[in-house]
Amino acid sequence: MNQKVCIQRTCISLIFSVLYLLSFAQARQISGIVKDVSGEPVIGVNVSVKGTGNGSITDLDGKFTIPDVKEKDVLVVSYIGYLTQSVSVGKQTSFIITLKEDTQALDEVVVVGYGVQKKRDLSGAISSVKSRDITAIPTTNALEALQGKVAGLDLTASSGKAGADLSFTIRGERSLKASNAPLILVDGIDYGTTLDINPSDIESIEVLKDASSTAIYGTRGANGIIIVTTKKGKAGKSKVSLNAFASINMISSYPSIMNGAEYAQLKREAYRNQTTNEYLPDEQVFTAAQELEYVREGVSTDYRDLMMSNGFNQNYELSIAGGTEKTQHSISLGYRGENGLFKNDNYKRLNARVALDHKLLENLKIGTNITYTYKDQNTRRDPLNMCNKIVPLSKPYDENGEVVRFPAPGYNSQTNPLVDDVDGAVKDNTKATRFFGSLYVNWNITKDLLFRTTLGVDARNKRRGYYCSANSLDGEGKDSKSLKEHTIESGITWENVLTYSKILGEHDFQIMGGTSTIYKSKEYTLASGKGQTYGGNIYHNLASNTKEVMIDSYLNEEKLASFFGRVNYKFMDRYILTASLRADGSSLLADGHKWGYFPSVAVAWRMNEESFLKGFDELSNLKLRLSWGESGQSAIDPYQTVGLLGSSTYSFNNDLASGLYPKTMSNKNLTWETTSVFDLGVDFGFFNNRLSGSVDVYKSYTRNVLMNRKIPSTNGYAEVMENIGKTENFGIDVALNSVNIQKKNFTWTTDFTLSHNKEKIKELASGALRDEANSWFVGEAFRVFYDYKKIGIWQLDEADEAAKNGQKPGDIKIQDTDGNGEITPEDRVVYSKRPKVTFGINNSFTIHNFEFSFFIYSRLGQWIDYEFNRGYKPDGLENSSSVDYWTPENPTNKFPRPNRFYGFGKTRYSSTLKYEKGSFVKVRDITLAYNVPSKVLSGLGLGRVRIYATAKNFFTFSSIDNYDPERGGGISFPMTKQLVFGVNLDF
Amino acid sequence: MKKNIFILASLMLTLGCGCDSFLDETNYSDVTSEGGYYDTEAGLNAVVNACYTPLRFWAGREDAIGLSETGTDIIAAGSGCVDNNMAAYTQSLDGTNSACTFYFDRFYAAINWCNTAISHARTVPNPSNDEILATTLNKREAEARVLRTFYYWILTETFGDTYYTDQPSTSIVMNPVKTSTDDIYQSMFDDLDWAIKSKLSTLQNDGGRVTIWTAKALKARLLLTRASEKNDVDMYRQAYDLAKDVIENGPFELAEDFASIWDMKKSDGNSNKEVIWYVDYSTNQLYNSELDDKAVIRNGGNNAHLLFCMKYDDQPGMTRTAEYGRPFNRYMPTRYLVDLFDEEKDQRYAGSFRNLWIMNNEKGKGKYTAMTDTAIYIIKGEATKAQREWAENRYQLFDRNDVYNADGSTKNLKQYLELSKFADPTRASKDEDRSTRDGFMIRIAEMYLIAAEAGAKVNRADALDYMNKLRMSRAISGYEDAMRVELSQIQDIDFILDERARELAGEQLRWFDLKRFGKEQFVKRIKKCNPDAANVDEHHWVRPFPQTFLDAIENKTEFTQNTGYK
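Line order of the protein sequences matches chains A and B. Residue 1045 in this note's numbering sits at position 600 of the first sequence, with consecutive numbering throughout. Residue 404 in this note's numbering sits at position 390 of the second sequence, with consecutive numbering throughout.
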């Protein structure tokens, strides 16, 4: 039956098509020239006949010719950066078309919470990044494209591991314990913290920064919102585009460790008599005979060299979009493959997406957007930790080329990290699938009244299998271990929004109301054991484990119910008012504290519309914005309000005696953490918006800060989750966009963002000014180090002074901060972990068909805990970071004297050595691209071909040698620099 | 149209899940403290089981041995020692010391669990007055009281005057106050008295549970500690009485062969007649986890075998084996300790130390080309010229002058007479760090020592008999009479401490033993016997409070750091 209808319909439409084609009988050829405002001909302008595939692209002289054009036809002239014009053909055969610059960028539509708005009507602080910028540089995580492009967004890459995550905050951190990560919404639905959809599937990313924009998300809004909108199909001919790139990943820089000779010298120094300064004979330092032999032979092995090699990434994204007036589609496929710097560190991702929109009735539209993702990742224990400490006086392979487990003579606990590279030694594999789909119905009940309901389903399934042989690092030479972990996460979101819009004369209203219901759950199962019978089974035969067989499972559930509403009001197109309110109820919080209310209000004034500014032609836009709003968060783990019991193990007469002990103190008063934000902003544009930008000044106050507070351990608990204290953030966000030069064959644009944020603790629960146990100090940032300050090393001529503090030359010299003549815990100082300023500058040049751009990114003023410094081994028991240490002959002020009795941790004040200023400026991307001339392409049936090469992370400037401070201090999985080659194809 | 909007609005309200029950939380994954779980028999058993777990942080663990044995007259730091600050009383021994912090935090948590157990033992309903249930509840309360005493004992001996509470934590105390050691002792004695009168098991041991004998023996130990510090005759008398009670009425026996006490075959406290109370380490390693399915310290199990093991495995002719152990060489005996033994007469020398390593790596003989069996031989005294010549290319010979300097300080921190009481050649592999050896916390020999020492103070006629009985059972066959001592000797503090060293070296008691005769004696003896720890000062008689704790409290001027520490 259905089939029959289909065939009938097909026949009918075929007939119509033929008739339609016949109507072109009276066609003729037209030609013309396209010029810009200054009268210069413009090359590469797309001129097409509306509603047909007919068209042309202007040549070097700006000329075009189109055959078969009818009188009734309309020409569509489009070019990036200029307004799209429609020209009726009529009887004319020759055209001179002047392009008009797109000064109406302000009419650009911006996605806001539960709706869209014209950029000109915005009253909140929202940054928007469009698809062109997202795909301009090669990224696999689209959010990376926002780095340095959105003022106020601080985004850093966490490591050079394959598939590594990014960490980011918007306008600093407010919360001490609860999460500071912004909420990421994909088409309105919570996506989690890792954005793993294809960058080329993204239409736009909006970053909602101020509370008037985020308050509509209530308890999920405090950290800012990132709204990702995916592409939808458009009516018209199907467009196919392909994005592909491949990159080579190299270690950007890595701080050095000691070689054999340097280590041997360190050990001699460690064994040297600290009073008489006499060296021990080598026989007594290198007590293992073979070790001494190796010292004499000059053996030195660099394990890092043996284990690291260049990585390789590849990424392909293919999308097809198009449709009819009734039904539009967008279909895409993506593949990403990454090989990290080490063996068995790789990542594969496949995803597929289908978006369909269909007009069911004239006033009823339905649509769906479904993404399916498959990930397959092999990961590994960081071998660098072992590489950095294994004594280089060692030979990693025996005569037969086999890996030696304990290659360093005399060190039977320093395992050769290469044991993990032996085939079959370790397998740590995660396979994850994700179904992320939403379905919506849009019902235009009347012209002014729109109802929209959205149902989102997120289903994630993750399996981790782990096997290590007894001979691997983790096996510790004892037993094989195997385990399987299974996690099922699901999220269901249902939202209903009713919007009423009306224009009455000079009054423009929009009223929106809605409900939202969110349910999330996570189920976890683990099975593990040791001593598997046959290693080749890896983690697929757990029952064959002979020892320590274990199981575990849990379920976490979270529920959120909400009501919200918003009013937008505009008067005379220049006075704008927005007000919203949301009520959120969360299952995470204690009874009686579950519901929270989050209001916001904002006003904006489009000053350039005022008559008193009409005379200033240079001014193309000026808008003042002032907003206030409150948003909250309950981003804590479930079940915090009740006291939990922890499980304990004991045995009586060898038999299991399981126990349950009081693990957490219950807190019946846990409530929302609430942030209120004042934001004063100005948007401006000059010279037809060739220079545009915005400046926002904001101040936010957070109350009922959720803290896991360390309490005196005499309570029997180390910490308790509480709502205590107040914090404050003050900041400035500046964004500037400038078209410096715009000529026919040469353009130069500069985008600049700068953010400053100062965090402060305003008040602590107890009313105290300092909480040393938690390193919280009123007036200081939240995340600080609190420790003594090293001012050097005690030198030989300061022996008497050092002795006053029980120290001697070669020891760490500490600042007597309070100047009372002795070093006491009161002398500790605060080091802020937060940057004072971050900025990004992007310069792009277009010269004929070439594009060249470079992006500079910087974070300034933050302290980091530099793991490399902690790698100094004053006792010479392990290999050491290559540092400048004190000896009587080398009176440095950097690192203390080696002493075999004191490892790093036991060296007095050693923790002061680890702090380094983490400021850096880096050239993050340098891109050179070539757009193949359209003349060449049109013959091939291609719309656009862009070939590019990008160098990422090649230049970093900081005060730390051979290290990229963006990594944040850690030295495992070092940051990589990448050389990327790619192509964008449209046809 | 209006109707439409009305329907829609009501629909949205209903769909919006306005009902509050939607927001209720049910925790399927954990047991919560609410809902009365602890007020059931199963719940009470569970929390009492948990009260035992922190014992595993103490028995046979590195930091615990650091706190209880290093920096004493008998144990010095080996080359692998990671806390030389503790071992040598350096200036860096301050509030940041990780061992002090760990035990302070963990034992106060353990005390809160005990307090919770004790309070719930009274609230488990027993409506039908079931006698079996009543007995169980009584036993569990007594167990928790004894465990609480043990944790408080270590805390107050380690830190001096400190916080005391016998109530479970329900609200946060930010201003803890110090309770005097005297008062804490009084509370501990009250707990032990309660336990002694309870229905605790009277078996030799109850699979490692606290028994009536544990309560009595622990009280004897605490009484002796307090009596010697206060020179309190009444407490000596009570200590004597209790020790005698345990010896005479308990099911314990002195082993005829000292070495057999440490034989892995006897490593289960249950099967060892010497053992009054032990911390159980299971033969199933999975049961040796600690909290939340993890080992808090190292990999779980008893670690003592690692710590005293000397560095033999990189020496000519040797390679690592399960038999000789995994050498962490953290702790080594002082020269004073090895000199205390008369190896001709006393079994305890051979029973406590290893001095011979047999070649197990023929390929790695190095310059000892004539090596056939012996690879390393360590002698207590000075090697003769003949001995040296014989050893020349046969094996490595270390004598007292190779291991120690003339003043008795340590010289070779890697090769020394190894305290081998805790060695475990039965581990599954040479690198296995978890031993299943139970941690013997109180042995019957200690009761003999208490009966002798306390008895002598209160002129009990049989005091000397107890000492001689112990010594004679430790004699090498044929030297029983030669081991006898005189009354004057057991009245001498130095003899008592020497004898306790011979018997109990390494058993996590020494530091507490040294301090019970007061600060002066404490400092004098350490300086004399352990020159490596000559930096010791009277303020070291207690340890520094954790800086993290002092940072967290609000009454910083009231609850201050112990004098002398930063």
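Beta carbons are placed, not taken as given, at the ideal position from N, Cα and C, and that holds for glycine.
Helix, strand or coil at residue i [DSSP, three-state]
| i | result |
| --- | --- |
| Asn830 of chain A | helix |
| Pro1044 of chain A | strand |
| Asp416 of chain B | helix |
| Asp1124 of chain A | strand |
| His134 of chain B | helix |
| Met332 of chain B | coil |
| His1293 of chain A | coil |
| Leu763 of chain A | strand |
| Lys529 of chain B | helix |
| Ile125 of chain B | helix |
| Cys95 of chain B | coil |
| Gln575 of chain B | coil |
| Lys1351 of chain A | coil |
Local Cβ density within 10 Å of residue i, reported as buried at 16 or more and exposed below that
| i | result |
| --- | --- |
| Ser468 of chain A | Because Ser468 of chain A carries a pLDDT of 44, less than 50, the predicted location of this residue cannot be relied on, and the following value inherits that uncertainty. The residue is exposed, with fewer than 16 neighbouring Cβ atoms inside 10 Å. |
| His554 of chain B | buried |
| Asn140 of chain B | exposed |
| Arg120 of chain B | buried |
| Thr538 of chain A | exposed |
| Val554 of chain A | exposed |
| Tyr716 of chain A | buried |
| Gln1078 of chain A | buried |
Where residue i meets chain A, residues with beta-carbon distance less than 7 Å
| i | result |
| --- | --- |
| Arg223 of chain B | Phe1097 |
| Trp127 of chain B | Tyr1106, Pro1107 |
Partners in chain A for residue i, counting only beta-carbon separations shorter than 8 Å
| i | result |
| --- | --- |
| Glu376 of chain B | Residues of chain A passing the Cβ test: none, with the nearest at roughly 15 Å. |
Contact check, residue i vs residue j, beta carbons under 8 Å
| i | j | result |
| --- | --- | --- |
| Arg162 of chain B | Asn59 of chain B | no |
| Lys325 of chain B | Pro341 of chain B | yes |
| Lys444 of chain B | Arg334 of chain B | yes |
| Gly560 of chain A | Leu653 of chain A | no |
| Arg251 of chain B | Ile464 of chain B | no |
| Met486 of chain B | Ile504 of chain B | no |
| Phe967 of chain A | Glu930 of chain A | In the sequence as presented, Phe is not what sits at residue 967 of chain A; that position holds Lys. Not a contact, by the Cβ cut-off of 8 Å. |
| Cys128 of chain B | Arg344 of chain B | no |
Interface residues of chain B facing residue i [CB-CB closer than 8 Å]
| i | result |
| --- | --- |
| Ser649 of chain A | Under the 8 Å cutoff, chain B gives no residues; its nearest Cβ is about 28 Å from Ser649 of chain A. |
Partner residues on chain B for residue i, Cβ-Cβ distance less than 9 Å
| i | result |
| --- | --- |
| Leu588 of chain A | The premise fails here: Leu588 of chain A is roughly 32 Å from chain B at the closest Cβ pair, so nothing lies under 9 Å. |
| Ser1032 of chain A | Phe36, Leu37, Asp38, Glu39 |
| Tyr999 of chain A | Tyr42, Ser43, Asp44 |
Proximal chain A residues relative to residue i, where beta-carbon distance stays under 9 Å
| i | result |
| --- | --- |
| Ser201 of chain B | In chain order: nothing, as chain A lies at least about 15 Å away. |
**Study point:** Against chain B: residues of the stretch 1328-1357 of chain A by CB proximity under 7 Å
**Key:** Phe1346, Tyr1347, Gly1348, Lys1351, Arg1353
Point to revise | Contact set between the stretch 275-308 of chain B and chain A, restricted to residues whose Cβ is under 8 Å from the partner | key: Asp282, Asn284, Asp294, Tyr295, Ser296, Thr297, Asn298, Gln299, Leu300, Tyr301, Asn302, Ser303, Glu304, Leu305, Asp306, Asp307
Practice item. Would you list, in chain order, the members of the stretch 496-523 of chain A that have their beta-carbon closer than 8 Å to a beta-carbon of chain B? Key: none
**Study point:** Near-chain B residues of the stretch 1156-1171 of chain A - C-beta to any C-beta below 8 Å
**Key:** Ile1156, Pro1157, Ser1158, Thr1159, Asn1160, Gly1161, Tyr1162, Ala1163, Val1165
Exercise for review: Scan the stretch 58-69 of chain B for residues whose Cβ lies nearer than 7 Å to a Cβ of chain A and list them as they occur along the chain.
Suggested key: Ala60, Val61, Asn63, Ala64, Tyr66, Thr67
**Study point:** Interface positions of the stretch 1245-1278 of chain A facing chain B (Cβ-Cβ less than 8 Å), listed along the chain
**Key:** Asn1250, Gly1251, Gln1252, Ile1268, Thr1269, Pro1270
Practice item. Return the residues of the stretch 205-220 of chain B that lie within a Cβ-Cβ distance of less than 8 Å from chain A, sorted by chain order. Key: Asp220
Check your understanding: Taking a cut of 7 Å between CB atoms, which residues from the stretch 368-401 of chain B lie near chain A?
Key -> Gly380
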